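There are 2 protein chains.
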Amino acid sequence: MPEQQPPYLRIADELRRRIAEHEWEPGDRLPSRTQIGQECGVGENVVRRAQELLISQGVLEGRAGSGTYVAKPCQRVRVVRSSAREQGGGSPFGADMRALGKQGDWESRTEAKFPAPAEIAARLGIAEGDLCVRTVYEFLADGRPVQLSTSWEPYDLTGGTLVVLPEGGPHAGAGVVNRMAQIGVTVGHAVEQPEPRQATAEEASLLGIQKASLVTHIQRTYYSDEGRPVETADIIVPAALCEIVYEIPINR
Amino acid sequence: MPEQQPPYLRIADELRRRIAEHEWEPGDRLPSRTQIGQECGVGENVVRRAQELLISQGVLEGRAGSGTYVAKPCQRVRVVRSSAREQGGGSPFGADMRALGKQGDWESRTEAKFPAPAEIAARLGIAEGDLCVRTVYEFLADGRPVQLSTSWEPYDLTGGTLVVLPEGGPHAGAGVVNRMAQIGVTVGHAVEQPEPRQATAEEASLLGIQKASLVTHIQRTYYSDEGRPVETADIIVPAALCEIVYEIPINR
DNA sequence: TCGAATTTGTGCGTATGTATC
DNA sequence: GGATACATACGCACAAATTCG
Chain X
57 MPEQQPPYLR IADELRRRIA EHEWEPGDRL PSRTQIGQEC GVGENVVRRA QELLISQGVL
117 EGRAGSGTYV AKPCQRVRVV RSSAREQGGG SPFGADMRAL GKQGDWESRT EAKFPAPAEI
177 AARLGIAEGD LCVRTVYEFL ADGRPVQLST SWEPYDLTGG TLVVLPEGGP HAGAGVVNRM
237 AQIGVTVGHA VEQPEPRQAT AEEASLLGIQ KASLVTHIQR TYYSDEGRPV ETADIIVPAA
297 LCEIVYEIPI NR
Chain P
57 MPEQQPPYLR IADELRRRIA EHEWEPGDRL PSRTQIGQEC GVGENVVRRA QELLISQGVL
117 EGRAGSGTYV AKPCQRVRVV RSSAREQGGG SPFGADMRAL GKQGDWESRT EAKFPAPAEI
177 AARLGIAEGD LCVRTVYEFL ADGRPVQLST SWEPYDLTGG TLVVLPEGGP HAGAGVVNRM
237 AQIGVTVGHA VEQPEPRQAT AEEASLLGIQ KASLVTHIQR TYYSDEGRPV ETADIIVPAA
297 LCEIVYEIPI NR
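Line by line, the protein sequences give chains X and P. Using the working numbering, the letters of the first sequence correspond one by one to residues 57 to 308. Using the working numbering, the letters of the second sequence correspond one by one to residues 57 to 308.
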């Protein structure tokens, strides 16, 4: 006897086929699990497994208490990460949004004297417990949250200057590179380390995405031209909402 | 009554605690699930859920027919992606490995006249079905596979020249930038689009990683200084084995 | 306004497959 | 080849969310 496909995969293919044939359009609600189960001659649980698979692939979308829906292929926000992006006076995120013809806003909450946890201290080259300026961001494209970020700057670098608060004072929202330039610190390069992982429950709720869906967690650190870390951030980019693009010049 | 932690999370914390207290060292085999279940007063299935959670987080490692093991915190390979990496005569991957003091090898299989599928054609700016040179790579660090890649070059660009075959002829393994230079094509910049996803069964088997563990799928395209795409590749970087680092110079 | 019905989501158990020793 | 242990598939019960009368 040749090995045959397990039932839940057969149902998954069946659902995918019907969607491809436009039996259900994006945004439509599927029949209930019991209904599909009876129709296809399988248990309710098999349908659930099939739907869970398609949900994890972004084909379907489950809404508790309401139903299972065909996911809308929403246009993703293109997040460009390159040296060119840091030029000009505004914020990098604002530049991304302007390039897409979208409105870019953000909400932020700053704590001016936050003791550095061990990992952040290591990234900033300071001692654990040293004071930092910690800012939590929520970035919005056309009013919808699309990206999260938590930024850390050593307090002894900016304390007492006009740019202590990233989102306050005359240079609010100008971006790290521009703000550091105001106090005579030249940012020489940035290092970004993108790691794939699944969204936490809190992140999923803030971003309005399915639970445990995939995100890229970028650890970014800006260095002064003398090699000192001047800012580090944890940036959460949900795969369902954003595509990340690195542009790398090739010098020879 | 306040809501209490579900049993499987309690067991997960219990296992994590015991590992942290060195009751089991990295590489050790845990007791069987029935044994742990009896010891902790829960069903075997609860233990399984707890272990699955820790496996997905990379704390444990399951081996069918053998047991569940404490994962070894293996040193990850640092993959640097920057403009500087393309300088010098050798291959970018070889440079990464030399920087780590590891031996960098790779195996490849080239098909010289492969019709381009629709997606690749779009990325290379050619018509679907146009011929390409398609090369499948498996990159090894100290003999262990750590990265996969499938590369596509338009045949009409290199056909009839000495560098048709990426891994053959006098410039074998020199990297795209160097090989293109040999035929008078200057590579101006690269674009990389990293997407998080789960490894397929085939990828997991090739890389020797846990099934459905996380990888970064990078779509990379090299462009000539005239803006024409000269190569595109799909690169699979497993999170368990490699860390990706982008170095971005800040020009002002 | 409220509560009952519906639907998805979660936790957990059991049976079977399959790899390893 | 048998015993053991993990992996997978499937089923049931209940909780949570939503909808609607």
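Even for Gly, the Cβ is constructed at its ideal location relative to N, Cα and C. Please read all numbers here as calculations on a predicted model, not as lab measurements.
The stretch 286-301 of chain P touching the stretch 250-266 of chain P, judged by at least three CB pairs closer than 8 Å: These segments touch.
Proximity of GLU194/P and LEU262/P at Cβ, strictly below 9 Å: Walking along the second sequence from the start, residue 194/P turns up at place 138. Walking along the second sequence from the start, residue 262/P turns up at place 206. Their beta carbons are under 9 Å apart, which means GLU194/P touches LEU262/P by this criterion.
Burial state of LEU218/P (16 or more Cβ within 10 Å): For the purposes of this step, residue 218/P is taken as the residue at position 162 of the second sequence. LEU218/P should be labelled exposed.
Residues that DSSP places opposite TYR302/X in a beta bridge: Numbered from 1 along the first sequence, position 246 holds the residue referred to as residue 302/X. According to DSSP, which records beta bridges pairwise, TYR302/X is partnered with ARG137/X, GLU248/P.
Cβ-Cβ distance between PRO210/P and VAL192/P below 9 Å: Residue numbering aside, residue 210/P sits at position 154 when the second sequence is read from its first letter. Residue numbering aside, residue 192/P sits at position 136 when the second sequence is read from its first letter. The answer is no: Cβ separation not under 9 Å.
Contact check, LEU297/X vs VAL136/X, beta carbons under 9 Å: Here the question's residue 297/X lines up with position 241 in the first sequence. Here the question's residue 136/X lines up with position 80 in the first sequence. Result no, Cβ atoms of LEU297/X and VAL136/X do not sit closer than 9 Å.
Meets three-Cβ-pair contact criterion under 8 Å: the stretch 155-173 of chain X and the stretch 216-236 of chain X: Judged by Cβ distances under 8 Å, the stretch 155-173 of chain X makes contact with the stretch 216-236 of chain X, as three or more pairs qualify.
Stretch pair the stretch 63-71 of chain X + the stretch 82-100 of chain X: three plus CB contacts closer than 8 Å: Yes: at least three Cβ pairs fall under 8 Å.
Rounded separation between ILE92/X and ILE265/P - CA only: Working through the first sequence from its first residue, we reach residue 92/X at position 36. Working through the second sequence from its first residue, we reach residue 265/P at position 209. For ILE92/X and ILE265/P, the distance between alpha carbons rounds to 36 Å.
GLN94/P: contacting residues in chain X (beta-carbon distance under 9 Å): For the purposes of this step, residue 94/P is taken as the residue at position 38 of the second sequence. Correct list: empty, because the minimum Cβ distance to chain X is about 28 Å.
CB contact below 9 Å: HIS227/X versus chain P: Here residue 227/X corresponds to residue number 171 of the first sequence, with the count starting at 1. Chain P contact via Cβ: absent.
Closer than 9 Å to chain P by CB, ALA140/X: Indexing the first sequence from 1 puts residue 140/X at position 84. Using a CB distance cut-off of 9 Å, ALA140/X counts as an interface residue toward chain P.
Contact with chain P by ASN101/X, beta-carbon distance below 9 Å: Counting from one through the first sequence, the residue named residue 101/X turns up at place 45. No, because no Cβ of chain P sits closer than 9 Å to the Cβ of ASN101/X.
Cβ neighbours of GLY199/P in the same chain (closer than 8 Å, five flanking residues each side left out): Here residue 199/P is taken as the residue at index 143 of the second sequence, counted from 1. Excluding residues within five positions, the ones whose Cβ falls inside 8 Å are GLN159, ASP161.
Terminal residues of the beta strand (DSSP E) in which ARG132/X lies: On the first sequence, residue 132/X is found 76 positions in, with the first residue counted as 1. Per DSSP, ARG132/X belongs to no beta strand (DSSP E) and is neither H nor E.
Extent of the continuous beta strand (DSSP E) run through PRO294/X: Residue numbering aside, residue 294/X sits at position 238 when the first sequence is read from its first letter. From DSSP, the beta strand (DSSP E) with PRO294/X extends over 285-294.
CA-to-CA distance, SER139/P to GLY150/P, given in whole angstroms: By one-based count along the second sequence, residue 150/P stands at place 94. By one-based count along the second sequence, residue 139/P stands at place 83. Taking the CA atoms as reference points, GLY150/P sits about 15 Å from SER139/P.
Whole-angstrom C-beta distance between VAL286/X and MET236/X, which should lie under 8 Å: Taking the first residue of the first sequence as position 1, residue 236/X is located at position 180. Taking the first residue of the first sequence as position 1, residue 286/X is located at position 230. Correct: roughly 6 Å between the Cβ atoms.
Bridge-paired residues (DSSP) for ILE274/X: Within the first sequence, the letter at position 218 stands for residue 274/X. Per DSSP, PRO250/X, ILE291/X.
Residues of the stretch 259-270 of chain P with Cβ closer than 9 Å to any Cβ of chain X, in chain order: Along the stretch 259-270 of chain P, going in chain order, the ones with a CB nearer than 9 Å to a CB of chain X are LEU270.
Rounded straight-line distance, which links the Cα of PRO87/P to that of GLN131/P: What you label residue 131/P is simply residue 75 of the second sequence in a count that begins at 1. What you label residue 87/P is simply residue 31 of the second sequence in a count that begins at 1. About 26 Å.
Straight-line Cα distance separating PRO171/P from ALA183/X: Counting from one through the first sequence, the residue named residue 183/X turns up at place 127. Counting from one through the second sequence, the residue named residue 171/P turns up at place 115. For ALA183/X and PRO171/P, the distance between alpha carbons rounds to 57 Å.
Helix, strand or coil at LEU297/X according to DSSP, with G and I counted as helix: In the first sequence, residue 297/X corresponds to position 241, counting from 1. It is coil, neither helix nor strand.
Residues within the stretch 270-302 of chain P neighbouring chain X, beta-carbon criterion of under 7 Å: Across the stretch 270-302 of chain P, CB contacts with chain X closer than 7 Å involve LEU270, VAL271, THR272, ALA295, GLU299, ILE300, VAL301, TYR302, in sequence order along the chain.
GLU244/P at chain X interface by Cβ criterion, 9 Å: What you label residue 244/P is simply residue 188 of the second sequence in a count that begins at 1. According to the sequence displayed, residue 244/P carries Gly and not Glu. Chain X, which has a Cβ nearer than 9 Å to the Cβ of GLY244/P, makes this yes.
Buried versus exposed call for SER122/X [16 or more other C-beta atoms within 10 Å across all chains shown]: Position 66 of the first sequence, counting from 1, holds the residue named residue 122/X. The residue is exposed, with fewer than 16 neighbouring Cβ atoms inside 10 Å.
Distance, GLN143/X Cα to SER280/P Cα: Against the second sequence, residue 280/P aligns to sequence position 224. Against the first sequence, residue 143/X aligns to sequence position 87. When the Cα atoms are used, SER280/P and GLN143/X turn out to be separated by approximately 23 Å.
One or two residues paired with TYR211/X in a DSSP bridge: By 1-based counting over the first sequence, the position of residue 211/X is 155. Bridge partners of TYR211/X: none, in fact.
Under 9 Å by beta carbon: chain P residues contacting GLN131/X: Stepping through the first sequence from its first residue, residue 131/X is reached at position 75. Within chain P, no residue comes near GLN131/X; the closest Cβ sits about 15 Å away, beyond 9 Å.
Closer than 9 Å at the beta carbon, the chain X residues around GLU248/P: Taking the first residue of the second sequence as 1, we reach residue 248/P at position 192. In chain order: ILE300, VAL301, TYR302, GLU303, ILE304.
ARG89/X versus GLY83/X: straight-line alpha-carbon distance, rounded: Here residue 89/X corresponds to residue number 33 of the first sequence, with the count starting at 1. Here residue 83/X corresponds to residue number 27 of the first sequence, with the count starting at 1. Taking the straight line joining both Cα atoms gives about 17 Å.
For PRO171/P, the residue or residues it bridges with in DSSP: What you label residue 171/P is simply residue 115 of the second sequence in a count that begins at 1. According to DSSP, which records beta bridges pairwise, PRO171/P is partnered with LEU187/P.
Nearest-angstrom Cα separation, counted from ALA268/P out to GLU117/X: What you label residue 117/X is simply residue 61 of the first sequence in a count that begins at 1. What you label residue 268/P is simply residue 212 of the second sequence in a count that begins at 1. Rounded to whole angstroms, GLU117/X to ALA268/P spans 20 Å at the Cα level.
Burial state of GLN107/X (16 or more Cβ within 10 Å): Walking along the first sequence from the start, residue 107/X turns up at place 51. That one is buried.
Classification of GLN113/P by the beta-carbon crowding that lies within 10 angstroms, buried from 16 upward: Here residue 113/P is taken as the residue at index 57 of the second sequence, counted from 1. Here GLN113/P is exposed, its C-beta having fewer than 16 other C-beta atoms within 10 Å.
Cα-Cα separation, PRO58/P to ARG104/P: Sequence index remark: in the second sequence, residue 58/P carries index 2 (1-based). Sequence index remark: in the second sequence, residue 104/P carries index 48 (1-based). Confidence in PRO58/P is poor, its pLDDT being 39 and thus under 50, which makes the residue's placement too unreliable to answer from.
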